[in-house]
Amino acid sequence: MIELNVSELIKATGGQLMLGSNENVIKGISTDSRTINKDELFIALRGENYSGESYVEEALNKGACGYISQKERRGLSPVQSNGDCLQKIAIKVEDTLKALQDIARYVLKKVDTKVIAITGSTGKTSVKDMLASILSLQYRVVASRENYNNEVGLPLTLLELESTTEVVILEMAMRGVGQISELCSIATPDFAVITNTGKSHIGLLKNSESIIKAKAEIIVGLKENGILFLNGDDKATEEFTSLYKSVVLFGNDESFNLSFSDVEFDDLARPSFNLHHKNNQLRVKLPVAGIHQALNASCAASVALELGISLDDVKEGLQKAKLSTNRMEINKVNGLFVINDSYNASPASMAAALDVLKGIKAKRKIAVLGDMLELGDLATQEHEKIGQRVVKAKIDELLTVGPLAKNIAEAAIEAGMEESDVKSFKDASELKNEIISYLKDGDAILIKASRALKLDEIVNYLQKKR
């Protein structure tokens with residue numbers, strides 16, 4: 325983070341200095357008292373079920389240089405602040421979330437950096453990781469960490485900017501109309517990417533039209549002289565294209581600005597393919613599995629090329645890219661091939677994961693599939709479709725977790741899977757008690773569900789117990 329003094333924080337937030345000096349320098353900001361570092365400033369955010377003010381004392385005791393809160397704290401004793409109460413900083417604001425966002429805006433204005441914003445129903449994180457891998461070969465890059473993609477995480481990413489940062493890559497998640505607009509108001513993109521428009525969050529937005537409208541907010545937020553990157557294979561692309569003048573298309577069609585073709589897979593379903601750009605072509609082999617990753621790679625490549633990256637560097641960056649935790653990780657664990665895709669799930673990503681499992685060369689293929697959340701009235705139907713895909717993928721054993729995923733099991737049996745090869749579990753804890761008995765050396769096991777199902781616990785269990 326670039327250094328800010330207290331007077332700059334007051335200017336950015338419109339807050340009132342209750343303690344400390346305008347000349348005090350801030351070297352870091354945190355919203356989490358559990359992980360705050362010495363000399364960082366604590367921002368006491370409020371939520372539906374918590375108040376950050378309750379953790380101010382803990383933050384100070386861990387060495388925080390001060391705090392920003394919505395109410396004045398009286399009676400702060402030297403004991404509560406490690407004996408240096410008078411050296412601490414206290415700023416009162418009307419809204420701590422707005423203060424965090426205002427500070428992020430202020431920091432971004434101080435840094436001459438290109439802003440790349442990525443949204444979409446699936447693929448955001450993979451594209452971000454691949455793009456960061458490519459761009460870091462030539463630029464100083466900051467990219468969103470883990471799930472730093474909402475009204476709290478995006479500002480925290482901006483606070484990681486240094487004066488030398490040249491590119492910042494921001495994921496923009498969406499759970500409702502107006503949320504991407506809010507994020508764009510904090511960081512106006514130079515480049516905007518829409519990976520696709522699927523059925524993620526349709527339970528919140530009710531229909532596909534609302535999802536498209538919500539995603540389109542990133543186009544409205546794009547700078548006037550920016551570039552919009554669109555998946556040419558996606559059904560909503562034609563509608564999006566009409567909303568902006570400068571558009572780059574990527575996908576599986578040679579008419580697009582950048583396309584891929586001639587896909588082949590190794591024994592772990594990792595794709596090799598040709599990338600085509602203008603009159604140039606190169607062969608790329610990805611370190612991650614799935615045909616969908618070829619599409620994500622073409623997206624990342626199209627953005628990188630617009631930033632002047634050479635084709636050779638695009639290839640190098642893609643071939644050494646590492647995806648974020650719990651996303652299509654394939655590891656050999658005690659004689660098993662474990663496909664850990666437990667971070668989240670939607671109909672599209674679940675289907676893609678099953679394609680990966682189908683493509684892996686293994687003695688047996690076992691799918692551990694949990695609930696896909698936020699599908700609303702489509703929940704039963706979409707889970708049943710996944711059950712049918714399980715059969716088409718010729719999976720040997722199906723273990724489902726959660727009440728919605730039981731529809732996957734029932735649909736798979738109805739589509740012809742042997743009932744003895746299917747079992748449903750209430751939750752991850754119940755599955756944990758039995759999963760070892762289903763596994764044999766040489767098996768490939770896919771583990772995927774919405775994050776709330778906590779199937780990452782199954783991955784951890786397999787690593788320790790088998």
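Letter by letter, the sequence shown follows residues 325 to 790 of our numbering. All residues carry an ideal CB built from backbone N, CA and C; glycine is no exception.
- Between the alpha carbons of Glu-381 and Leu-786 lies a distance of about 39 Å.
- Excluding five sequence positions before and after Asp-637, the CB atoms of its chain that fall closer than 8 Å to its own CB belong to Ile-458, Leu-461, Gln-462, Ala-628, given in chain order.
- The DSSP-derived three-state label of Phe-580 is coil.
- The region 608 to 623 makes no contact with the region 475 to 487: fewer than 3 CB pairs, one atom from each, lie closer than 8 Å.
- In the structure shown, the three-state DSSP call for Ser-445 is coil.
- Excluding sequence positions up to five before and after Pro-513, its CB lies within less than 8 Å of the CB of Val-439, Ile-440, Ala-441, Leu-494, Ile-542, Gly-545, Leu-546, Lys-547, Gly-550, all in the same chain and listed in chain order.
- With respect to the 8 Å criterion, Phe-564 and Val-517 are not classified as neighbours on the basis of their beta carbons.
- The Cβ-Cβ distance between Leu-599 and Leu-610 does not fall below 8 Å.
- With 16 or more neighbouring CB atoms inside 10 Å of its own CB, Pro-479 falls in the buried class.
- Taking each of Lys-559, Ala-686, Leu-693, Leu-678 in turn and checking the Cα distance to Ser-748, the smallest one comes out for Leu-693.
- Counting C-beta pairs closer than 8 Å gives three or more between the region 410 to 418 and the region 374 to 394, which meets the contact rule.
- Collapsing the DSSP output to three states places Lys-756 in a helix.
- Assigned with DSSP and collapsed to three states, Pro-611 falls in coil, not helix or strand.
- Beta-bridge pairing by DSSP links Thr-724 to Leu-693, Ser-748.
- Its chain contains Glu-708, Gly-711, Gln-712 as the residues whose beta carbon lies nearer than 6 Å to that of Ala-735, once the 5 sequence neighbours on both sides are disregarded; these appear in chain order.
- When only Cα atoms are considered, Lys-602 and Lys-789 end up about 52 Å apart.
- When the alpha-carbon of Leu-369 is set against those of Ile-353, Asn-361, Lys-362, the nearest one is in Ile-353.
- Three or more Cβ pairs closer than 8 Å define a contact, and the region 665 to 676 falls short of that threshold against the region 754 to 768.
- Secondary-structure assignment with DSSP links His-600 through a beta bridge to Ser-583, Gln-605.
- Looking at Leu-384, Val-608, Asn-576, the one whose alpha-carbon comes closest to that of Arg-358 is Leu-384.
- Of Ile-504, Thr-521, Val-571, Leu-635, the smallest CA-CA separation from Ala-672 is found for Thr-521.
- Under the DSSP assignment, Met-342 falls in the beta strand (DSSP E) whose first and last residues are 340 to 343.
- In the displayed model, Asn-555 falls within a strand according to three-state DSSP.
- Distances from the CA of Thr-443 to each of Val-431, Gly-500, Gln-425 were compared; the closest alpha carbon is that of Gly-500.
- In this structure, DSSP gives Ile-360 a state outside helix and strand, which the three-state scheme calls coil.
- With respect to the C-alpha of Leu-528, the residue from Gly-502, Glu-653, Glu-640 having the closest C-alpha is Gly-502.
- The beta carbon of Asn-604 sits closer than 8 Å to those of Leu-635, all from its chain and outside the five residues before and after it, given in chain order.
- Across the structure, Lys-539 and Glu-332 are spaced so that their CA atoms are roughly 34 Å apart.
- Check the Cα spacing between Asp-720 and each of Glu-738, Gly-740, Ile-690: the tightest is with Ile-690.
- For Gly-641, there is no enclosing beta strand (DSSP E); the residue is part of the alpha helix (DSSP H) that begins and ends at 635 to 643.
- Among the bridge pairs identified by DSSP, Leu-494 is matched with Ala-441.
- DSSP places Asp-453 within a helical segment (H, G or I) once states are collapsed to three.
- Residue pairing by DSSP puts Glu-653 in a beta bridge opposite Asn-664.
- Around the beta carbon of Tyr-379, 16 or more other beta carbons sit within 10 angstroms, so the residue counts as buried.
- Rounded to whole angstroms, the gap between the alpha carbons of Met-674 and Lys-523 is 12 Å.
- In the DSSP assignment, Ala-368 falls outside any alpha helix (DSSP H), carrying neither H nor E.
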